[in-house]
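Notes to accompany the following structure.
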Amino acid sequence: MVVSAASPTGIPAGSPGPRTDQLNHLWQPRLEALLSGGRAAGADLVEVFLERTDHIGVLAEQDTITSVSPAFGMGAGIRVFRGDRDGFVSTNDLSDAGLQRALEQALGMLGLQRSEGALSGFDGLANLRDFAATKTDWLARCPELQEATAKLLEGTALLERHGAHLQARRGSYARDWQEVLVAASDGTFARDVRLHQSVGLNVLAADGDHRAGVGRRYGTSGRPDDLRHWNAEASAQEVCESAGSMLYADYVEAGQLPVVLANRFGGVIFHEACGHLLETTQVERGTTPFAEKVGEPIAHEAVTAIDEGLTDGAFGSLCMDDEGMEAQRTVLIENGILRRFISDRAGELRTGHARTGSGRRQSHTFAAASRMRNTFIAAGPHTPEELIASVDKGLYCKSMGGGSVGPTGQFNFAVEEGYLIENGQLTKPVKGATLIGEAKEVMPRISMCANDLELAAGFCGSVSGSIFVTVGQPHIKVDSITVGGR
Amino acid sequence: MTATIANGAPASAGLQAEQLRSKLEQLATNAGIRQWDLGAACSTDTSVQVDRGEAKQMKGAQRSSITVRVWNDAGLVGITSTSDLSDDGLERALSGARDASAFGNAEDTPAFSPLATAPVAALDQPIHAPQGILTLLDTLKDAERQLLNRHAAIGTVPYNGLAERSSERLYLNSDGACRQQRLSTASLYLYARAEEAGRKPRSSGAVRLAYGASDLDIAGCINEAAERTISHLNYAPIETGRYTCVFSPEAFLDLIGAFSSLFNGRAVLDGVSLSNRDAIGERLAVPFLDLHDNGLHPGNIGASTFDGEGTPTRRLTLLEGGTLRNFLHSEATARAFGVAPTGHAGLGAKVSVGPDWFEIGPTPGSGGGQQGLDRYKADEPIVWIDSLSALHAGVKASQGSFSLPFDGWLVKNGEVRSVEAATVAGDIRTLLKAIVGFEGEAKITPDGLCPLVWVEGLSITGEA
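Those sequence lines, one after another, are chains Y and P. Numbering-wise, the first sequence is residues 52 to 537 according to our numbering. Numbering-wise, the second sequence is residues -3 to 460 according to our numbering.
Below you can see the structure in the form of structure tokens.
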């Protein structure tokens, strides 16, 4: 048991503080002093999240590098729980004084203040769980700027080769490295390094009054060589083919239609329509219709949905979440039956749903919240052709844009590349479609799943900021949905 | 050691401009860098959220950041940003910017703004001392309670927040420019969720901004959130078709903001705007529409007096009588067009350009389109669009098209009924020339000043 002493937080006055260019076991004494001080003040649990980041963003336009934007930073987020309430303070100041001040502020939010000599009931941190031990060379193994810029210019040159009527060509690359150290007064002490790289190609095709903007982004985690292995040729062909199809496309006719959504980023439908509503943050807010539905059918029996952090290299994979818990595979819906919610520490505390290793945040400036990782609908028994053949008149959504879900469960997402289905066949391309609906109405209408599950990288913005995620699905058929258009 | 922020004090104690300049000059000299500039910001934020009478989350944040640009011997620009304001951090940022300058774009190199030392406007922006988080918590609990009591169907206020911020920003360059601005701001948002037996849940809300929490119009925010939410309880599906639509000031400002690349000099040069270099003088809208960007308007809470390059903020006419008069510019885009920077720049190796705060209304002396518009007395069914959703996904700015979910009402024979799920779709160029007129006085919103705007012939998709 650790007793606060010496100073209100237990940190000796005048201590120089640990090195901020390393997050490792050397922080343990100071973190224990902070946690002990917080517990002695009456907090049920204190958590410290330390972070260092290193980012590079590169933009190529036409055949020129037009922006190189490096950024680096560090910071801490301190969260204090008492009962089911919590206070959270973030700071860029990792000096002892800065961390003490942040702790005091977080305690003060709950009406607590440190008390010299008080017993903390804190047993100290466990041995460091170091998920980063094999990742120390990741940053050094990533492409240098010279290599990264050359690869991007290869991409924009390939767009020119494969495209027609291109008014603008863009390639972008982002490399995000993050080192985190998590310590909590329940003994949690864990370290990880995360590496995310993504590369995107975008074109604007224009011919008279016809215009089409098309983009694709590809991303992985934990693979320093990712950009080197990126197939720029295939990506450029995919983007240019899509732009060519959409340039002269008519606007879609609005109405209630059956739709077939392609695999990969088509998974945004589940992400928006249902995934967010299975986060315990939504249970806490009272904004999910599924709060009391565990064990009950909420989707068509064809639907099994999973959220996990384990797929090697996937954008949403992680060894541990931002609360120091190992990632796991969570079956959310099994054959239409709701099985689990996605839960974090606060979610478990406030809703009773056990943690799933899903406490995630954009950075130290956000408190962790229950968030999705790699979320997908499992493969089914059909071929994609069987799904399309089952539709007399409908819409095939080959490529999806972004989407969102509101506080009443109403979701929407944009179709980037669509085709009419007529008499079981794909016919002409159409653009300008937006799909809208409500989760509890649409999930039972996902009646067919194909056998071609694939994942796609994405970014998800919500209560704890913008995070790296994967969406995914096989081709699926929705029997009826509102297609907004002209 | 932190040399540049008052170490150990809250960020609101301020950026030490002269210390920062002195340190950077020393580091730049040591590195052989002759030309540099920087933008810095620091802030202290406090916010609370509540849930049915209890504190849900209380947050505090001290943030600081700096962006350094350097010009290398070849005149190329590099940049680096960091939140590490220690001496080591500054040195690393300077070094990183110099390394990045090797990849600078020789065809489009930014320079210092010629207006970086010109006088800036004096704005009336009172600095308020923070009330403290426990006072904010009590205030928000009371606001939530009042909102919940407004109607039996309002069961929760799932999205709510009361926040106050003290902030400071700084621009310095190696030619001696020095801009500094301190601000205090506060914000309140209340989004209620209402549900009646056997009916779908409905939601709406309101936002207020002020220079301090004590100045927030809390009662107005509660009233607006309650009225909007209650008004959506009586809902019905709408038939798909073409309708005359009346945009609320907030909705129209959102739409114009999403298509602001029409007026953006950077987007024009990049070939991703619907406008081209020769578009100044072209008619983009009905001849009775004026559109100005005016970050200095008193209604723009938290207005910046200078942009990322130190150029003073000013009022700029974009559309006059429906005709395009100016583009928004940074130093580099202004130079490319042979005009002066307009005060709309960020800070970067490739400098971004963006609008501040729009003023939209009738052109003086034009008559303002059709007169006497009153949505309650219209001969035909009118769709009154209260708010637009998912602009990030449903707006194709470079194509001009939009297809967006909205909350709103169908007004038919004077009867107002909320629209269930629906989308509105169209083309911005067509829309700007299909404006019928304006209704009511212009309203100040967080994004600008605008009256109700009538537009004919928009496509509505409903579920009827």
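Even glycine gets a Cβ: it sits at the ideal position worked out from N, Cα and C. Since the structure is predicted, the reported quantities are computational estimates derived from the model, not experimental observations.
According to DSSP, residues forming a beta bridge with Tyr155(P): Tyr187(P)
Examine chain Y for any beta-carbon lying closer than 8 Å to the beta-carbon of Gly28(P), and answer yes or no. no
Please report the residue range of the beta strand (DSSP E) in which Lys449(Y) lies. 444 to 456
Which chain Y residues are close to Glu103(P), counting only those with a beta carbon under 8 Å from its beta carbon? Thr115
Residue-level contact to chain Y via CB, Lys137(P), 8 Å cutoff: Cβ-Cβ to chain Y under 8 Å: no for Lys137(P).
Going by the beta-carbon positions, is the gap between Ala501(Y) and Gly431(Y) smaller than 8 Å? When the beta-carbon positions are compared, Ala501(Y) and Gly431(Y) come within less than 8 Å of each other.
Nearest candidate by alpha-carbon position, reference Leu369(Y), set Thr339(Y), Ala353(Y), Thr407(Y), Ala191(Y): Thr407(Y)
Residue closest to Ala107(P), alpha-carbon to alpha-carbon, out of Asn169(P), Ala98(P), Thr135(P), Arg165(P): Among Asn169(P), Ala98(P), Thr135(P), Arg165(P), the Cα nearest to that of Ala107(P) is on Asn169(P).
Rounding to the nearest angstrom, what Cα-Cα distance links Lys52(P) and Arg136(Y) in this structure? 6 Å
How long is the line joining the alpha carbons of Arg401(Y) and Arg165(Y), rounded to whole angstroms? Looking at the two C-alpha atoms, the distance is approximately 25 Å.
Beta-bridge pairing of Pro308(P) - partner residues as DSSP gives them: DSSP, once it has assigned bridges, lists Phe302(P) as partnering Pro308(P).
Once you ignore the five residues that flank Ala275(P) on each side, which residues in its own chain have a CB closer than 6 Å to its CB? Leu320
Within chain Y, the residues that Pro401(P) reaches when beta carbons sit closer than 8 Å: Result: Gln461, Asn463, Thr485, Ile487, Gly535.
Assess contact between the stretch 196 to 203 of chain P and the stretch 222 to 238 of chain P, defined as three or more Cβ pairs (one per stretch) separated by less than 8 Å. Is contact present? Three or more Cβ pairs closer than 8 Å define a contact, and the stretch 196 to 203 of chain P meets that threshold against the stretch 222 to 238 of chain P.
Backbone secondary structure at Lys346(P) - three-state DSSP: coil
Proximal residues to Gln288(Y) (C-beta, below 6 Å), its chain only, five neighbours per side dropped: His213
Cutoff 8 Å: Thr259(P) Cβ touching any chain Y Cβ: A quick correction: the sequence has Phe, not Thr, at residue 259(P). Judged by the 8 Å Cβ criterion, Phe259(P) is not in contact with chain Y.
Let me check understanding here. Comparing Cα to Cα, which of Ala98(P), Gly357(P), His288(P), Tyr167(P) lies closest to Asp33(P)? Tyr167(P)
Tell me the rounded alpha-carbon separation between Val99(Y) and Gly238(Y). 11 Å
If you scan the stretch 173 to 259 of chain P from start to end, which runs of the beta strand (DSSP E) of 3 or more residues do you find wholly inside it? 174 to 190, 198 to 206, 237 to 243
Between the alpha carbons of Phe2(Y) and Leu427(P), how many angstroms are there, rounded? Absent from the model: residue 2(Y). The displayed extent of chain Y is 52 to 537, so no value can be given.
Name the two residues that bound the continuous beta strand (DSSP E) containing Phe333(P). Not the beta strand (DSSP E): Phe333(P) falls in the alpha helix (DSSP H), residues 327 to 333.
Nearest-angstrom Cα separation, counted from Val109(Y) out to Ser249(Y): 11 Å
Beta carbons nearer than 9 Å to chain Y: which residues of the stretch 44 to 56 of chain P have them? Val44, Asp47, Arg48, Glu50, Ala51, Lys52, Gln53, Met54, Lys55, Gly56
If you drop the 5 nearest sequence neighbours on each side, which residues of the same chain put their C-beta closer than 7 Å to that of Glu235(P)? Gly458, Ala460
Buried or exposed (CB count within 10 angstroms, at least 16 for buried), Val66(P): The residue in question, Val66(P), is buried, as its Cβ has 16 or more Cβ neighbours within 10 Å.
Near Ile320(Y), which residues of its chain fall below 7 Å by C-beta distance, leaving aside the five closest residues on each side in sequence? Closer than 7 Å at Cβ, skipping near neighbours: Leu312, Phe464.
7 Å Cβ cut-off: residues of chain P touching Gln218(Y): Gly267
Taking DSSP as the reference, what is the three-state secondary structure of Tyr224(Y)? Strand.
Going by DSSP, what residue range makes up the alpha helix (DSSP H) through Asp277(Y)? 277 to 280
Can you grab the Cα-Cα spacing for the pair Thr301(P) / Phe173(Y), in whole Å? 50 Å
Out of Gly162(Y), Gly206(Y), Glu198(Y), which has the shortest C-alpha to C-alpha gap to Leu130(P)? Gly162(Y)
Does DSSP put Ser66(Y) in a helix, in a strand, or in coil? Residue confidence for Ser66(Y) is low, a pLDDT of 42 falling below 50, so the modelled location carries little weight and cannot support an answer.
Can you name the residues of chain P whose CB is closer than 8 Å to the CB of Ala613(Y)? Absent from the structure is residue 613(Y), since the part of chain Y shown begins at 52 and ends at 537.
Any C-beta of chain P sitting closer than 8 Å to the C-beta of Thr416(Y)? yes
Mind pulling the beta strand (DSSP E) runs of 3 or more residues that sit fully within the stretch 70 to 107 of chain P? 73 to 78
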